[in-house]
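Encoded as structure tokens, the structure appears first; notes follow it.
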Amino acid sequence: MENLVSFLISKLGAVLSKELLVFLISLMPVLELRGGLLAASVLRLNYPLALLLCIAGNLLPIPLVLLFIERFVNFLERFPISQKLALWFRRKVEKKRASIERYDFWGLVLFVGIPLPGTGAWTGALAAGILRMKRKKAFLAIFCGVMLASLIMSLLSYGLLGAILNAAS
């Protein structure tokens, strides 16, 4: 993730404002809020503004993802060229199905909120859609998960990384 964030900063940092870059990184699947806060810390963006931009960027696409993800995966399954991607989506959800179904709302909160590879709001919305969770409940769980992730990543990005960056300057 750090390499991808560094690449985006190096390629787009001269063209886009820091704020827009952080917002766009937070919109992206895989990077999401985690990548956005990391970029914001590296760019030395004001923390409250960075947090707001990252949360907004991470949550903005989620209602649409919840609404259309099942149809999208079904669509992908119809074509040989995209069947592998659809199968990857379904396998990803199946690996976490038992935990998410067992703990329901809180399972999804933790799945989204604990910053591990392959977790986050996009994957949480994918899981909720494929598992047919009610959309309002799923969005609330994803929102809570993003808040948890923002707390954890803020401590890492602005706490630990911030201390390293300040010591280096």
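To convert, take the position in the sequence shown, counting from 1, and add 809; that gives this note's numbering.
All residues carry an ideal CB built from backbone N, CA and C; glycine is no exception.
Around the Cβ of alanine 937, a 10 Å sphere holds 16 or more other Cβ atoms; the residue is buried.
Taking 8 Å as the cut-off, the Cβ atoms of isoleucine 834 and glycine 844 count as close. By the neighbour-count criterion, in which a residue is buried when 16 or more other Cβ atoms sit within 10 angstroms of its Cβ, glycine 927 is exposed. The continuous stretches of alpha helix (DSSP H) do not include phenylalanine 888, and DSSP gives it neither H nor E. Rounded to whole angstroms, the gap between the alpha carbons of glutamate 910 and serine 959 is 24 Å. Contact annotation: isoleucine 951 and valine 921 have beta-carbon atoms nearer than 8 Å.
Boundaries of the alpha helix (DSSP H) around asparagine 867: 856 to 868. Assignment of methionine 837 by DSSP, reduced to helix, strand and coil, places it in the coil class. DSSP places methionine 956 inside the alpha helix (DSSP H), whose first and last residues are 944 to 963. Counting of Cβ neighbours within 10 angstroms places asparagine 883 among the exposed residues, the total staying below 16.
The alpha-carbon of lysine 946 is positioned some 20 Å away from that of glutamate 903. Here valine 874 is not near tryptophan 915, since their CB atoms are 8 Å or more apart. When DSSP states are grouped into helix, strand and coil, leucine 925 belongs to the coil group. Ranked by Cα distance from cysteine 953, the first of Leu862, Phe832, Leu868 is Leu868. Looking only at Ser963, Val831, Glu879, the smallest Cα-Cα distance to leucine 935 is reached by Glu879. Counted as a single uninterrupted DSSP element, the stretch harbouring glycine 968 is not any alpha helix (DSSP H), since DSSP gives it neither H nor E.
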